[in-house]
Amino acid sequence: MSEPDPSDAYGETRPFRVRSSTAEWAAAILRQRVTEGGLAPGSRLAEDELTAELEVSRNTLREAFSLLGHERLLEHRLNRGVYVRVLSPADVADIYRVRRMIEGAAVRRGERDPAALAALREVVAEADKAAAEDRWPDVGTADLRFHLVIASLNGSERVNTMMAQLLAELRLVFHTMDPHALHAPFLPLNRELLTLLDAGRGPDAEALLAAYLDQAERVLLATY
Numbered sequence: 001m002s003e004p005d006p007s008d009a010y011g012e013t014r015p016f017r018v019r020s021s022t023a024e025w026a027a028a029i030l031r032q033r034v035t036e037g038g039l040a041p042g043s044r045l046a047e048d049e050l051t052a053e054l055e056v057s058r059n060t061l062r063e064a065f066s067l068l069g070h071e072r073l074l075e076h077r078l079n080r081g082v083y084v085r086v087l088s089p090a091d092v093a094d095i096y097r098v099r100r101m102i103e104g105a106a107v108r109r110g111e112r113d114p115a116a117l118a119a120l121r122e123v124v125a126e127a128d129k130a131a132a133e134d135r136w137p138d139v140g141t142a143d144l145r146f147h148l149v150i151a152s153l154n155g156s157e158r159v160n161t162m163m164a165q166l167l168a169e170l171r172l173v174f175h176t177m178d179p180h181a182l183h184a185p186f187l188p189l190n191r192e193l194l195t196l197l198d199a200g201r202g203p204d205a206e207a208l209l210a211a212y213l214d215q216a217e218r219v220l221l222a223t224y
C-alpha cells in the first residue's frame, strides 16, 4: 500500500520513507515539527537524541540538517552545534513578498477546484474547533495548511514544495507573538476568502488576500 506524500497540500500526515532518501525523510520529519510549532527559534538540536529517535545514522542526520539549512530553517554555529534559525525582519518581508506572488497567482485564476475547496472547508472547521477549545497554536497550524492549499491552486507540485518550506519558515516567526492575538483576527478572513473562492470570484479573492497578507506582515513585523 502506498503512503501519503509528505508534500501533499491537503494532508497533515507524518512523512514516510518512500520515494526519497532517508536524509530527505528525516528532514521532512523535522520540517513538519517546525511547521507544527514543535521546534522554537534558537533551540539547539541534539544529535544523539535525534539519531536514536529517528533511527538514522549521524551522517544521515547531518545530511538532513544540511537540507534544512538550505531551506533556511536551521543554522550551524561553529563549535556549538545546529540550531533552529531566528528570523530577521528582512526574512519576514521576503517571505511575504514571495507569498504575494504564489498565493496571488493562485487565487487570480478563479477556478473552482472541488478537492481544494473541500480541503479548505476542512481546515477552516479544524481552526474554528481549535479556537473554541482555546488551542491557539493549533489554530496557527491550521492557518498554515489553509494557505498551503491556496498555493496548490496553482497546480504545480514544485510550487507546493516551495510553499511548504516557506510556511515552515514562517512558523518560526509565529513564536514571537501570543498565538491568540496573532491568529484570532484572521479566522473570519479565512472564512471570507473561502466563500469568495467557492463562488469563483477570483478578483475579489485576490483583493482580499492582498489586504490579508499586508495586515499579517505588519502584525508580525511590529514584534521586532
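Per UniProt numbering, the sequence shown starts with residue 1, numbered consecutively. Cβ coordinates follow ideal geometry from the N, Cα and C atoms, glycine included.
In this structure, Pro-179 places its C-beta atom within 7 angstroms of the C-beta atom of Gly-140. Per DSSP, Leu-73 is not a residue of any beta strand (DSSP E), being assigned neither H nor E. For a cut-off of 8 angstroms, the C-beta gap from Gly-42 to Val-84 is around 6 angstroms, short enough to register as a contact. Its Cα nearest to that of Leu-61, the residue Arg-31 stands out among Ala-211, Ala-40, Arg-31.
In the three-state reduction of the DSSP assignment, Tyr-212 falls in the helix class, which pools H, G and I.
Take Ala-26, set aside five residues on each side of it, and the residues of its chain with a beta-carbon closer than 7 angstroms to its own are Leu-54, Val-56, Thr-60, Leu-61, Ala-64, in chain order.
Between Ala-106 and Asn-160, the CB-CB gap reaches or exceeds 7 angstroms.
Distance from the Cα of Tyr-96 is smallest, within the candidate group Glu-169, Leu-193, Asp-204, for Glu-169. Distances from the alpha-carbon of Leu-144 to those of Leu-45, Val-124, Leu-167, Lys-129 put Leu-167 closest. With respect to the C-alpha of Arg-109, the residue from Gly-202, Arg-80, Asp-134, Glu-157 having the closest C-alpha is Gly-202. Out of Leu-182, Glu-103, Leu-172, the CA that lies nearest to the CA of Ala-131 is found in Leu-182.
Under DSSP, Leu-45 shares a beta bridge with Val-82.
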